[in-house]
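Okay, so here's the structure we're looking at.
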Amino acid sequence: MPSTLGLFENYDALKARRDIVAGLTVAAISLPQAMAYALIAGVDPKYGVYSAIVVTTIASIFGSSSHLINGPTSAISLLVFSSLAFLDPENRTGLFEALFLLGVLVGTIQILIAVFKLGDLTRYISESVVIGFMASAALLLAIGQLANAIGVRDKGDGHMQVLQRAWLTLFHGDAVNYRALVLSVSAVVLAVLLRRLVQRYGLPQIDMLLVLIVTAVIAYAYGWTVPDGTGHTDVKISGKIPASLPEFHIPDVQVSTLGELSHGALAIAFIGLIEALSIAKAIAHHTGQQIDYNRQILAEGLANLTGGFFQSLPGSGSLSRSAINYQSGAATRFSGIISAATVTIALLLFAPLLRYIPQAALAGLLLVTAVRLVDFRRLAYAVKASRYDAGLVIITALVGVAVNLDTAVLVGVVLSILLFVPRAAKLKAAELVVTDEGVIRERTPQDGTAGAASPVIYDLEGELFFGAAPELDRYLDALHTRIRDENLKVVILRLKRVRHPDVVCIERLEHFIREQQERGVTVLLAGVRPDSLALLKNVGFTQWLPAEQVFPEEDKEFSATLRAVRYAQTRLEETASDATTHQDKLYYLV
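For the sequence shown, counting from 1, position 489 maps to 488 in numbering that gives the first Met the number 0; every step adds exactly one.
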């Protein structure tokens with residue numbers, strides 16, 4: 000079990016103040032999100048709040064990332080809803096027991112992944128699968144909240160396909176409750192306007208909380224959420240949330256449901272890990288923190304396992320709350336504990352007021368969340384990149400909508416393996432040098448460094464697909480460091496021997512080239528094969544990378560590399576005081 004002592008190592012008043020500010024800011028969005036995500040999962044809102052306390056605390060104590068905030072998320076909640084859909088929604092006791100057992104199963108799977116150090120396998124799940132999953136999750140999220148948004152009851156049952164249920168609800172269901180519709184539309188408008196104000200003026204990101212407060216006050220002022228003599232309200236409210244902490248509870252295990260739940264738990268475990276590790280890695284890229292991924296996986300498992308025994312909704316890393324935590328200046332994982340403690344205090348003090356939040360307002364927020372859940376630019380990027388990526392995105396998304404999300408994840412993973420892993424090969428990189436005699440050959444230990452007056456040539460070889468992305472990152476990071484330390488001006492990347500590029504590695508390459516362009520460094524691509532060239536055009540390289548910096552593979556052997564070196568030498572001569580690098584004749588040595 001990872002040590003927690005590092006949490007307070009070299010801790011001081013400045014770090015404490017930063018963590019407290021960040022924790023309070025995160026808590027302001029955690030409470031409304033927790034209730035909304037429980038609504039997505041089709042369970043009592045209190046279980047979402049419990050997750051924002053228990054799962055967040057445990058993951059913060061045992062995790063590796065200083066900024067990752069765990070707890071309920073929209074994607075995981077949708078998977079939970081899909082995993083519990085085979086149960087009778089009217090049997091609330093059985094549904095809730097299955098929810099707690101699901102959390103235990105998810106946590107157990109994730110812990111086993113950490114114990115056997117299998118976390119590295121998550122990189123072999125194509126990012127295109129995740130993109131397709133998020134697209135279908137967003138659509139299902141929006142469809143699932145239509146009934147709450149217009150104030151009617153869902154028609155059909157969990158065994159029906161979601162589109163069929165939506166059709167019955169909208170066209171063969173109850174009459175629209177226009178009070179609920181007013182509240183949901185108001186929530187959408189307020190959420191959009193307040194987010195723009197927050198982004199424009201750098202205000203605290205409490206816009207979601209303000210939306211719920213304003214809509215709740217409006218509904219209460221008009222008497223829409225005040226029960227009449229029979230306990231009926233004009234619009235449906237969130238329901239009573241007890242002002243008490245989650246209690247230890249051993250889930251009731253029903254053998255008849257264990258098989259179905261295990262299927263869903265596997266999908267939740269993998270998607271949860273991908274979600275959490277991706278967010279942690281993205282933030283670490285900005286902070287420079289070294290993440291222990293296996294430790295983070297163990298923390299995810301411990302958090303969900305503990306949550307299952309304390310009546311919590313399964314969770315994962317939250318993109319929105321983690322980003323807010325980082326942007327608010329959090330210094331350590333203690334900010335997550337502060338957030339959970341603040342949610343606890345709010346629950347104990349204000350629980351009676353939470354019941355007055357209209358479900359229509361929560362539905363409005365979730366409709367906004369559904370739109371924000373999809374990175375449309377990244378979706379288009381993946382679809383245009385290659386047939387493999389487009390196929391994975393489309394198939395995963397269609398299975399998610401037509402069948403269910405957990406099946407979509409498993410189908411996507413299997414397809415990833417079938418399509419890509421057989422093509423896998425270790426990506427290699429070798430540096431080439433231009434000798435005084437004009438020979439281009441592989442660099443040997445006896446060769447000195449190229450220096451700023453000569454081009455640096457890197458020859459890449461292997462499968463340039465998502466499984467090779469970590470190797471590509473390592474080579475590009477090393478090259479970036481060298482460019483900075485040696486003040487290099489021109490770099491040649493020889494792509495003649497790379498095969499089957501996909502969106503993940505091409506995106507890494509794009510980020511590297513753009514970053515070097517901003518530093519005034521010229522990056523040339525030599526020996527670009529037809530399939531690579533087509534992919535570069537598909538994703539828009541030709542719109543920002545000058546054509547003279549791309550040297551396609553030609554019939555004459557090595558001509559593209561030779562032309563790239565001549566071009567590089569010309570560029571260097573134009574900026575050098577004395578031209579000493581030019582070679583009239585160049586030869587490539589195999």
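Idealized CB from N, CA, C, for every residue including glycine. The structure presented is a predicted model; accordingly, all values stated were derived computationally and were not measured.
Counting along the chain, G437 sits inside no alpha helix (DSSP H), nor does DSSP assign it H or E at all.
Exposure of H248 is indicated by the presence of fewer than 16 other C-beta atoms within 10 angstroms of its C-beta. Per DSSP, the unbroken beta strand (DSSP E) holding F550 starts and ends at 549-551. In the three-state reduction of the DSSP assignment, I217 falls in the helix class, which pools H, G and I. Per DSSP, G335 has no beta bridge partner at all. The beta strand (DSSP E) runs of length 3 or more contained entirely in the segment 382-426 do not exist; there are none. For R164, no beta strand (DSSP E) segment is defined; the enclosing uninterrupted segment is the alpha helix (DSSP H) at 161-170.
In chain order, A381, D388, L391, V392, V502 place their CB closer than 7 Å to the CB of S127, counting only its own chain and leaving out the 5 sequence neighbours on each side. If you draw a straight line from the Cα of L202 to the Cα of S453, it comes to about 49 Å. Residue range 455-462 is occupied by the beta strand (DSSP E) that includes Y457. Assignment of P469 by DSSP, reduced to helix, strand and coil, places it in the helix class. A468 has its alpha-carbon roughly 6 Å from the corresponding atom of C504. When secondary structure is reduced to three states using DSSP, R498 falls in the strand class. Relative to the Cα of F99, the nearest Cα in the group V54, A396, A137, L138 belongs to V54. Going by DSSP, L524 is part of no alpha helix (DSSP H) but of the beta strand (DSSP E) stretching over 521-527. Of the other Cβ atoms in all chains shown, 16 or more fall within 10 Å of the Cβ of P71; this residue is therefore buried.
The bridge partners DSSP lists for P357 are I236. Note that the C-beta distance between A35 and A179 is not below 8 Å. In this structure, the beta-carbon distance from P357 to I240 does not fall below 8 Å. Judged by DSSP in its simplified three-state form, R152 adopts coil rather than helix or strand. Taken atom to atom, the span from the alpha-carbon of D530 to that of R570 is near 28 Å. Excluding sequence positions up to five before and after N176, its CB lies within less than 7 Å of the CB of I149, G150, V151, V234, all in the same chain and listed in chain order. A straight-line Cα-Cα distance of about 14 Å links E299 and S311. A58: member of the alpha helix (DSSP H) spanning 44-61, first to last residue.
The alpha-carbon of Q326 is positioned some 21 Å away from that of Q295. Going by C-alpha positions, A264 is about 15 Å away from Q253.
Distance between K495 and N403, taken at the CA atoms: about 42 Å. Linking E509 to M159 through their CA atoms gives a straight-line distance of about 44 Å.
In the three-state reduction of the DSSP assignment, A268 falls in the helix class, which pools H, G and I.
Relative to the Cα of L524, the nearest Cα in the group I456, I212, F61, E470 belongs to I456.
The C-beta distance from V373 to V48 rounds to 27 Å, too long to fall under 8 Å, and the pair is not in contact.
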